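For the sequence shown, UniProt numbering begins at 1 and goes up steadily by one.
Take a look at the structure below.
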Amino acid sequence: MNSNDEQHFLSGKRIVIAGAGIGDAIGREGYSLSLRGDPPSEGIQTLQKLGILQEMIDESNPGSYFTLFNYDFSSLMEMRSPPIEGLSQSSIGISRSKLREILLKNVHSSISINWNCAVTSADELDNGQVSINLSNGSKDQCDLLIVADGSNSIIRKCLRPEHVLNFAGAVCITARTHALDQFPAPLDKTWGGAIGGDGHFLFVAPSDRTSAFWSVSYLTDKLRPAKPAGTMMEQEIDEVLDEAKQRTKVFTEPIGTLIKETLRSSVAIFNAKDLVPFRNHGSVIFIGDAQHAMSPFAGNGANMSIMDGYQLADQLVHSKDLNTAIRSYDDLTIPRSTTAINISHRSIAMGHSQGIWNYMYVGILKVMSWYFGYTSKKIHN
């Protein structure tokens, strides 16, 4: 608040949050999220500020760092977030369902959550309020609408149609496994991506404590029809899995085992897309992927969303008016999300590199791994 005797500009106002952000588990329970403490991520520090970091750590997946592998799963570089003072871990992987469970458990009792009641459209009124239409057929009105309905935001298409997703140039075939008796190496210790050198990039990680997620991607200038999990017939699933086997033939284990143990209903195809971050205005605030969607190659979407929620709340509480709060929030989120998206573009180019570019990237990674490993040993000695 601005002062003890001055009423806050949001006092008595009705605030609606559309979408559950990273807490949305519709059709996505099988995926895991990587939370990190290194800039520009800092999702770990935000969870600590919220007082729920230890709960997240207690429910986290095996492995505590990302590794970039060669095609044979020999390590090119281990990307460990630097230690953070006062914290036991600086990065974790956690299943979306567990993260959602912890977030819901810590929602304040004064906040009401209405499930299966999505905002389907919105109108900004002349009096500064926002009129919303809901999926149950009812209508509502609020003084502030916070939009967290994801990269394919319905509200963004309605109110900010000029801000559209851009194809990042990669198509991904993804799936997760059945529950495994044990994780095949190296997933028992780490997760990460492997560079095939033939134009394919492979990502493997625990999706929870018993199953694993895999994704093989390739570059193309044409969008492929998206196939969400659970939408393909049995014959089409067979064809996609056969394609995945062909696209991963250069890679060694564990991918063979992961494809063999794939949960058929989880097989999906999607196009990697991102969104140029844009500034907010009026009584509608877009956050997370609704404002700055990034492809999975950024490895930062969840971190950005967690920070968005915390920083927006902080600005709304401490700013003198709504315009100042929005401007201050955008000044924080746009630079870091732009950096993350730019990094994702470089990751896409490196991960799918071939020929001389592949030799160059792999060589640079080996030198960097040796140098930083050597420097770390000197410091600790």
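Heads up, the beta-carbon is just placed ideally off N, CA and C, and yes, glycines get one too.
Quick caveat, the model's predicted, so the values are computed rather than measured.
Helix or strand or just coil, what does DSSP make of residue i?
i	result
residue 9	coil
residue 317	helix
residue 124	strand
residue 301	helix
residue 365	helix
residue 356	helix
residue 113	coil
residue 168	strand
residue 145	strand
residue 118	coil
residue 108	coil
residue 188	coil
residue 193	strand
residue 199	coil
residue 173	strand
residue 285	strand
residue 93	strand
Ends of the alpha helix (DSSP H) at residue i?
i	result
residue 333	322-351
residue 98	96-105
residue 156	154-159
residue 140	From DSSP, residue 140 is part of no alpha helix (DSSP H) but of the beta strand (DSSP E) over 139-142.
residue 43	43-50
residue 20	No alpha helix (DSSP H) holds residue 20; DSSP gives it neither H nor E.
residue 290	289-292
Tell me which same chain residues have a C-beta within less than 8 Å of the C-beta of residue i, skipping the five on either side of it?
i	result
residue 102	52, 55, 56, 59
residue 351	193, 195, 201, 217, 297
residue 358	195, 197
residue 165	151, 152, 273, 274, 275, 293
residue 163	156, 275, 276, 278
residue 252	71, 72, 73
So the beta strand (DSSP E) residue i belongs to, where does it begin and stop?
i	result
residue 77	75-79
residue 57	Unbroken run through residue 57 is the alpha helix (DSSP H), 53-58; no beta strand (DSSP E).
By a C-beta neighbour count over all protein chains shown, 10 Å radius and 16 as the cutoff for buried, is residue i buried or exposed?
i	result
residue 111	exposed
residue 26	Confidence at residue 26 is low in this model, with a pLDDT of 48, below 50, so the placement of that residue should be treated as unreliable; the coordinate-derived value is given next. Exposed, because fewer than 16 other Cβ atoms sit within 10 Å of the Cβ of residue 26.
residue 307	buried
residue 147	buried
residue 385	For residue 385 there is no data in the structure shown, the boundaries of the chain being 1 and 381.
residue 363	exposed
residue 185	exposed
Might you give, ordered along the chain, the residues of its own chain that have their beta carbon closer than 7 Å to the beta carbon of residue i, omitting 5 neighbours on each side?
i	result
residue 1	Low confidence applies to residue 1: its pLDDT is 43, below 50, so where it sits in the model is not reliable, and the reading given next is rough at best. These residues qualify, in order along the chain: 8.
residue 322	9
residue 177	211, 212, 258, 261, 262, 263
Excluding the 5 residues flanking residue i on each side, which residues of the same chain have their C-beta closer than 6 Å to its C-beta?
i	result
residue 86	none
residue 174	215, 268
residue 299	34
Review point. Counting only runs that start and end within the region 206-276, where is the beta strand (DSSP E) found for 3 or more residues in a row?
Key: Taking only runs of at least 3 residues, the beta strand (DSSP E) segments lying wholly in the region 206-276 are 212-219, 268-274.
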